[in-house]
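Student:
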Amino acid sequence: MDDLSRQLFEKACALIPGGVNSPVRACHNVDSLPLFIAEAHGCRLTDVDGREYIDFVLSWGPMILGHDEASVTAALREAAGRGTSYGAPCPDEVALAAEVVAAMPGLEMVRMVNSGTEATMSALRLARGVTKRHKLLKFIGCYHGHADPFLAAAGSGVATFSLPGTPGVPPAVVADTLLAPYNDLDAVKECFARHGADIAAVIVEPVAANMGLVLPKPGFLEGLRALADQYGSLLIFDEVITGFRAAFGGAQARFNIDPDLTTFGKIIGGGLPVGAFGGKRRFMEHVAPQGEVYQAGTLSGNPLAMAAGLATLRRLKTLDYDALEARTRAFAEALRDILRAKGVPVQMPTLASMFCPFFSEEPVTDFVQAQACDQKLFTSFYKQMRAQGIYLAPSGFETGMVSFAHSDEDFNRALDAARKVLF
Ligand code: PMP
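The sequence shown: position 84 = 306 (the working numbering), numbered continuously.
1. Under 8 Å by Cβ, that's how I've got A297 and L535 pegged, so tell me the actual separation to the nearest angstrom.
2. Would you decide whether M223 is buried or exposed? Buried here means 16 or more other CB atoms lie within 10 Å of its CB.
3. Whole angstroms are fine: how far does the CA of M576 sit from the CA of E412?
4. Report whether the distance from the Cβ of T306 to the nearest heavy atom of ligand 1 is below 7 Å.
5. Rank F645, L494, G500 and V242 by C-alpha distance to the C-alpha of I560 and give the top, closest one.
6. Do you know offhand how far A510's Cα is from E555's?
7. Among S254, G240 and H366, which one has its Cα closest to the Cα of T601?
8. Specify the secondary structure class of Y453 as computed by DSSP and reduced to three states.
9. Which complete alpha helix (DSSP H) runs does the region 540-603 hold, if anything under 4 residues is left out?
10. Considering just the uninterrupted stretch of the beta strand (DSSP E) at A422, what are its terminal residues?
11. Applying the criterion that 16 or more other CB atoms from any shown protein chain within 10 Å of the CB defines a buried residue, is P438 buried or exposed?
12. Less than 8 Å between the C-beta atoms of F646 and M433, yes or no?
13. Regarding N243 and ligand 1, is the C-beta to nearest heavy atom distance less than 7 Å?
14. So does A473 have its beta carbon nearer than 7 Å to some heavy atom of ligand 1?
15. Are there any heavy atoms of ligand 1 lying less than 7 Å away from the beta-carbon of V462, as far as the coordinates show?
16. Please work out which residues of its chain come closer than 7 Å, Cβ to Cβ, to Y613, disregarding the five sequence neighbours upstream and downstream, and give them in chain order.
17. Reducing DSSP to helix, strand and coil, say where M223 ends up.
18. Is it the case that the CB of A497 approaches a heavy atom of ligand 1 more closely than 7 Å?
19. I need the DSSP call for V624, collapsed to helix, strand or coil.
20. Please classify H212 as buried or exposed, where buried requires at least 16 neighbouring CB atoms within 10 angstroms.
21. Pull up the DSSP beta-bridge partners for D269, would you.
22. From T488 to P284, what does the alpha carbon distance come to, in whole angstroms?
23. Look up H289 in the DSSP assignment and give the residues it is bridged to.
24. Just the C-alpha distance for P440 and V352, rounded to the nearest angstrom, thanks.
25. Whose C-beta lies closer than 7 Å to the C-beta of F442 among residues of the same chain, with five residues either side of it excluded?
26. Have a look at A419, I362 and K642 and flag the residue whose alpha-carbon is nearest the alpha-carbon of A563.
27. Closer than 7 Å: is that where the CB of E221 sits relative to any heavy atom of ligand 1?
28. Please return the same chain residues whose Cβ sits closer than 8 Å to the Cβ of S227, not counting the five positions on each side in sequence.
29. Using 8 Å as the threshold, is the C-beta distance between F459 and L538 below it?
30. Would you decide whether C578 is buried or exposed? Buried here means 16 or more other CB atoms lie within 10 Å of its CB.
31. Measure how close the beta-carbons of L348 and V246 come, nearest whole angstrom, since I'm counting them as under 8 Å.
32. Quick check on T306: buried or exposed, where buried means 16 or more other Cβ atoms within 10 Å of its Cβ?
33. Write down every uninterrupted run of the beta strand (DSSP E) in the region 280-330 whose length is 3 residues or greater and which is fully enclosed by it, in chain order.
34. Taking DSSP as the reference, what is the three-state secondary structure of D370?
35. With hydrogens ignored, establish whether the beta-carbon of N524 is closer than 7 Å to any heavy atom of ligand 1.
36. Could you tell me which whole alpha helix (DSSP H) segments of length 4 or greater appear in the region 477-551?
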């Protein structure tokens, strides 16, 4: 057996549940084995068997500059020479906080954490703490990390594996989680009419990117803002994916909506484990130690992570998001046309540097429609693309990602590979 990825996976399966440290990576839903990656530069991954791939996953979003971007790597090397963790404040966390607050219209203060999961979990606690209410409204197919209250009808890995939620979450913990279909403002109105006085927060991915890619219908986000105002609930934008991707100022800048709280992850850490939650000062000043709502982290504000995040945001500020969006759209439309010419039904929504092949006759506007897509066609497409060195997200419930490091030649190679796919 000369396939090192396979050997490593077999060894890993005896040591790590499912052989992976996060479920979707296992690739078994697309009838494949995970690739073990040896190194990554720009938009290219090299696996342990020396095979090269054009990366449209980008570590699920963080690597918008591409891998091993010069300024980020230099900042990390420099920071590593100054020690890796102090458990005390460092200058870069103030600098990163300033960049994030300046970029995001809805933010006046921010707290760094270590993952998107921590960010949403903490934002929910804060919303419950300040409103003194318990209920949470979330949307079916939106994923907000793996904290218990969000694991009801969630997207991403939970959707990929069709888990109804998960064992291990006591019914009481999700009893206060209300659900509505994405893009269905009438359902949200009804929910508020029944429970409004008890709803601490409505949390939404302003662009849903964990059930494939589902764009908000015009008026949907505005409607959420209005209803939250009407009932005194907080509007939480989960911008773990869309922050610094939907626009430099996130979906809140792109759609001109002013959320009360926002959660971040992925890009904000430049590829290191970082998340953050922030929002209006009148809410954020309730976070400990300024306020009474407890939240903490041994490695929060870690100097390496802050250096990577800071270098990433500073570089991103100089780059042309509109140009990347136009290139992504042109690529996605060409991909769609190639697949349609083969006679398969395909929808290809795009937004900013995200794209998503849905094998469906109809546009997808919610989770039920996302689930109705042809997963067999997706699996066949995925496997044939990967065999040709094109690395796509291994699930129909994830979104494709493009980086500033993708060249026209990379797009053309991916399109050439798609032309060779047989259904
Ligand atoms: N929210 C959203 C919108 C996400 O996409 C994710 C992760 N994909 C999370 C929260 C959780 O982030 P993490 O995996 O860093 O805990």
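For glycine and all other residues, C-beta sits at the position ideal for the given N, C-alpha and C.
Tutor: Judging by the given coordinates:
1. That pair is no contact at about 11 Å.
2. Unreliable placement is indicated for M223, whose pLDDT of 47 sits below 50; the coordinate value is still reported in the next sentence. So M223 counts as exposed.
3. 32 Å
4. no
5. F645
6. 48 Å
7. S254
8. helix
9. 543-563 and 589-593
10. I421 to V426
11. buried
12. The structure shown does not extend to residue 646, since the chain spans only 223 to 645, so no value can be given for it.
13. no
14. no
15. yes
16. L267, Y275, I276, D277, F278 and V279
17. Caution applies to M223, whose pLDDT of 47 falls short of 50 and renders its modelled position unreliable; the value that the coordinates give is listed next. Coil.
18. The sequence given here places Gly at residue 497; Ala does not occur at that position. Under cutoff, so the answer is yes.
19. coil
20. Any answer about residue 212 is impossible in this case: the structure gives the chain only from 223 up to 645.
21. I259
22. Residue 488 is actually Lys in this sequence, not Thr. Cα to Cα, K488 sits roughly 4 Å from P284.
23. G264
24. 30 Å
25. N405 and L407
26. K642
27. This structure leaves residue 221 out entirely; the chain is present only between 223 and 645.
28. L255, P256, L257, F258, D269, V270 and D271
29. no
30. buried
31. Their Cβ separation, rounded to whole angstroms, is 28 Å, which puts L348 and V246 out of contact at 8 Å.
32. exposed
33. none
34. helix
35. no
36. 503-506 and 525-538
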